[in-house]
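Number of protein chains: 2
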Amino acid sequence: MAFDFGPLFPAGTPAPAQRWTGAPKYNFTGGNNDPDALPLGGLMAAAATVMAREGRTLATYGLNSGPQGYRPLRDFLVTKLERDAGMMCTADDLLIVSGSLQALDLVNSALLTRGDTVIVEQDNYQGTLTRLAKLGVNAVGIPLDSGGMRMDVLEAALAQLQARGIKPKYIYTIPTVQNPTGTIMGEARRIRMCELADQYGVPIFEDDCYADLVWDGERPRAIYAISHSDNVIHIGSFSKSIAPALRVGFIAAPWSIMSRMLALKTDAGSGALEQMVLAEYCAAHFTEHVPALRTDLNKKLDTLMEALNEQFGTAAEFEAPKGGIFLWVKLPDNVDTLKLYQAALKEGVAINPGPEWSTDKVNTLSRMRLCFASPSHDEIREGIALLADICRREFGVPERSGNVIERRGQE
Amino acid sequence: MAFDFGPLFPAGTPAPAQRWTGAPKYNFTGGNNDPDALPLGGLMAAAATVMAREGRTLATYGLNSGPQGYRPLRDFLVTKLERDAGMMCTADDLLIVSGSLQALDLVNSALLTRGDTVIVEQDNYQGTLTRLAKLGVNAVGIPLDSGGMRMDVLEAALAQLQARGIKPKYIYTIPTVQNPTGTIMGEARRIRMCELADQYGVPIFEDDCYADLVWDGERPRAIYAISHSDNVIHIGSFSKSIAPALRVGFIAAPWSIMSRMLALKTDAGSGALEQMVLAEYCAAHFTEHVPALRTDLNKKLDTLMEALNEQFGTAAEFEAPKGGIFLWVKLPDNVDTLKLYQAALKEGVAINPGPEWSTDKVNTLSRMRLCFASPSHDEIREGIALLADICRREFGVPERSGNVIERRGQE
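As they're listed, the protein sequences go chains A and B. The working numbering numbers the first residue of the first sequence as -17 and each following residue consecutively. The working numbering numbers the first residue of the second sequence as -17 and each following residue consecutively.
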């Protein structure tokens, strides 16, 4: 008789996972990248070179670079972060982690406990919101406009929390290509956020994992670079700029919290081969690869927006993001995207329903996030056409397009 | 002024890590492997082949194999585990993780909560003991003899706990090349452990991460293979058989607990490049590489035992292990290995003091664990000579060796 593990699970154990049944045919979810834009030749050459030169260090945990990760990769990041984000840091300020998801977990482990409060952007990365919920942490959502998190509302929220005796543990922001809104916070707001953080004694948690994907390559300085008070934890990733399956991200942080995260990081380091290959590839080719990737992704965004205009007409509202891999779309108010998600998935179209990407579950019910990096141009067109059909069937919108009505009129 | 993160840390935060200052010259700690035995050419060829064939899937999280890990690596493990350990499992029963450390964390997260009790081998892997302590879990240590965990004491402990109304969450064992004792539990004890587990309704957590390194290649069936009641969680690793820096391990477990661990594993998968390279390499070369590695390691063990006999004489007692990468050494009772550890580290010799590797902190005070895979034969000889000098200076043992006395007599 099979042993019953059920009674052994602690209270609060998450629901069991379902068995994986394969990827949907039209996948507009997840941070997957464009397989055609992957710099495969460069990565292969880098793998051959770095393994031939120093592959035997794979026999040693941490490649003899210590617990903060492969030193040449940190050295590359020091250069890159100064060049691209204005950040002045050293290799000792950096920790290589297994994707920015491990960065989120480490920062949260170091700072948060049940009942804590943090401040976040109202529309937000689902993985951040689910992590906070699982930890029993109260996430106060600050609305965004086209310039990112609104500083007037942030100021009011900080004042209100202070009046209630609550000091938030951090202000979490994705300032550069915000997820899911795609907005970029300008430098003035970044400076203002630093002033407010100083005034209220709250650190800033800056998640910059999409910052390489600004279409024109111009981005504001990182908040980490702007702050004068060593109160910013900055995280980033190679998932969006190179390849998500590699699972390599990083944390830049002051030693007072870095040393705590190191104490909590008991996994004996992140994958060494990937760190080696990335360091070797990026030192020589990052600055040539990323602009090509951006051009590729921008074209896919164009295809997605064209397909939405064609299939949904005015029923799909959106602002073209200035970079990234996703579009935040508003459908008519009667569309419940949680239901649309279920109906679409049955027919092989995967979308992110709005309420899963916001602290405001009500006003995002007719929103959806569409990722455009991974599907081909044809898949984008076919998938959006199918999604429009399903949405029409379920919710009566969009109305039939001109073409279809015309054809039906001829019958 | 620098921001002070101190007041933000939750109660119970571990002490901060110290800055890394480089590896000790003579390092007898850690699961590092022999760099000369690393199959570098094979891994490089595998990397080139697998990347050329399917490298573009790196653009997709999980390589389109789903959350349980790269399918060809799981397929290899299905074959390997049946051939080597008698385990009948399918790819669906396997989860690829970032080293067996993540396996420990996932199993513990799924099953344990503060105040729980588990049963472990008395002398034990430090990482297991520190994890349990951090979780606030009571670890009941069962003594070992040359045949591994003693089943008579296990039976008595289960009965005593039951009498006190305590049901342990699991029985944790490293049955094949136990860490640190190097013992191998025979099949009769494995069968007895399964009977006791059934009788008391307690699952077994089998950590088999050294099982590939039995000198003669002959090992008893895994406990997972012996149990008839789907109550065994089995974990393993490529750290010891191929390379620790890769950070690839696995869990074989019934779906009822696998599905819970999947729900808790929110890292979007382990490093893909490493899974791909391992699958490609191991399918063709695992069975030729591992015997060569074992021969290499066995020679290093011989060098270590010779050096200990030469330098420590009868002051160092040990039983030659039947496999693995470490030796569990008893020094005279007046030697405090916690102090020896500190003194030796100052002179560039790193050892594992016994109390960190046992639930019995008193009777292991004069014990130490010495890892022999990573240092060269010369480093082993020099490091042990230096350790003997330091031990003599600190504790008066070993007495001066014959050679030295003779020379001094001639002065």
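Ideal placement from N, C-alpha and C gives every residue a C-beta, glycine not left out. Computed from a predicted structure; not experimentally measured.
Put simply, the CB of E103 (chain B) is far from chain A, with every gap to its CB atoms at 9 Å or more. Neighbours of G251 (chain A) across chain B, judged by C-beta separation under 8 Å: A227, R229. By the C-beta criterion, the segment 85 to 93 of chain B is judged to be in contact with the segment 237 to 246 of chain B, since at least 3 inter-stretch pairs fall below 8 Å.
From the listed residues A:D127, A:A30, A:L20, the smallest Cα separation to G24 (chain B) is found for A:A30. Y192 (chain A) and I224 (chain A) have their C-alpha atoms spaced approximately 11 Å apart.
Short of 6 Å from the beta carbon of V379 (chain A), and not among the five residues preceding or following it, lie these beta carbons of its own chain, in chain order: A297, P314. Spanning the alpha carbons of I148 (chain A) and N345 (chain B) requires a straight line of approximately 50 Å. Of all residues in the segment 33 to 52 of chain B, only M33, A34, G37, R38, T39, L40, A41, T42, Y43, G44, L45, N46, G48, P49, Q50 come within less than 8 Å of chain A when Cβ atoms are compared, listed by chain position. Of all residues in the segment -16 to 12 of chain B, only A(-16), F(-15), D(-14), F(-13), G(-12), L(-10), F(-9), P(-8), A(-7), T(-5), P(-4), A(-3), P(-2), A(-1), Q0, R1, W2, G4, A5, G12 come within less than 8 Å of chain A when Cβ atoms are compared, listed by chain position.
Here the C-alpha atom of G13 (chain A) lies approximately 12 Å from the C-alpha atom of N334 (chain A). Proximity to L59 (chain B) across B:Y263, B:C176, B:V214, B:R172 peaks at B:Y263, based on C-alpha coordinates. Residues of the segment 185 to 202 of chain B that bring their beta carbon within less than 9 Å of a beta carbon in chain A comprise P185, in sequence order. Taking a contact as a CB-CB distance under 8 Å, the pair G305 (chain B) and V196 (chain B) counts as one, their CB atoms being some 4 Å apart. Between W339 (chain A) and chain B, the shortest Cβ-Cβ separation is not below 9 Å. In the DSSP assignment, G231 (chain B) forms a beta bridge with B:V79, B:S219. Taking the C-beta atoms as reference points, G129 (chain A) is found nearer than 9 Å to R171 (chain A).
Short of 8 Å from the beta carbon of F354 (chain A), and not among the five residues preceding or following it, lie these beta carbons of its own chain, in chain order: F10, L279, K282, L283, T285, L286, I307, F308, L309, I362. Under DSSP, W310 (chain B) takes part in a beta bridge, and its partners are B:R351. By the Cβ criterion, the segment 118 to 127 of chain B is in contact with the segment 91 to 104 of chain B, since at least three pairs of Cβ atoms, one from each stretch, lie closer than 8 Å. Excluding sequence positions up to five before and after T341 (chain A), its CB lies within less than 6 Å of the CB of Q104, A121, G123, all in the same chain and listed in chain order.
In this chain, the beta strand (DSSP E) harbouring T155 (chain A) covers 153 to 155. In this structure, the straight-line span from the alpha carbon of G168 (chain B) to that of F(-13) (chain A) is close to 27 Å.
One alpha carbon belongs to C176 (chain A), the other to T112 (chain B), and they sit about 39 Å apart. For a cut-off of 8 Å, the C-beta gap from S356 (chain A) to A41 (chain B) is around 7 Å, short enough to register as a contact. Proximity of E292 (chain B) to chain A, defined by a Cβ-Cβ separation below 9 Å, is not satisfied.
Residues of the segment 123 to 151 of chain A with a C-beta atom less than 9 Å from some C-beta of chain B are K149, K151, listed in chain order.
Exclusion of the five residues before and after S252 (chain B) leaves G51, I78, V79, S80, Q84, R229, V230 as the residues of its chain whose Cβ lies within less than 8 Å of its Cβ.
Apart from the 5 residues on each side of it in sequence, Y182 (chain B) sits with its Cβ closer than 6 Å to the Cβ of L140 in its chain, given in chain order.
I233 (chain B) has its alpha-carbon roughly 20 Å from the corresponding atom of P(-8) (chain A). By the criterion of a C-beta distance shorter than 7 Å, Q144 (chain B) is surrounded in its chain by Y182, once the five residues flanking it on both sides are discounted. Of all residues in the segment 247 to 280 of chain A, the ones placed with a Cβ closer than 7 Å to any Cβ belonging to chain B are T248, D249, A250, G251, S252, G253, A254, L255, E256, V259, in chain order. Annotation: the continuous alpha helix (DSSP H) that includes N291 (chain A) extends over 254 to 294. At least 9 Å separates the CB of W310 (chain A) from every CB of chain B. As the crow flies, the alpha-carbon of D189 (chain B) is around 11 Å from that of I153 (chain B).
In the three-state reduction of the DSSP assignment, Y8 (chain A) falls in the strand class, which pools E and B. Neighbours of R242 (chain B) in chain A, taken as residues at a C-beta separation under 9 Å, are given in chain order as F(-13), F(-9), T(-5), P(-4), A(-3), P(-2), A(-1).
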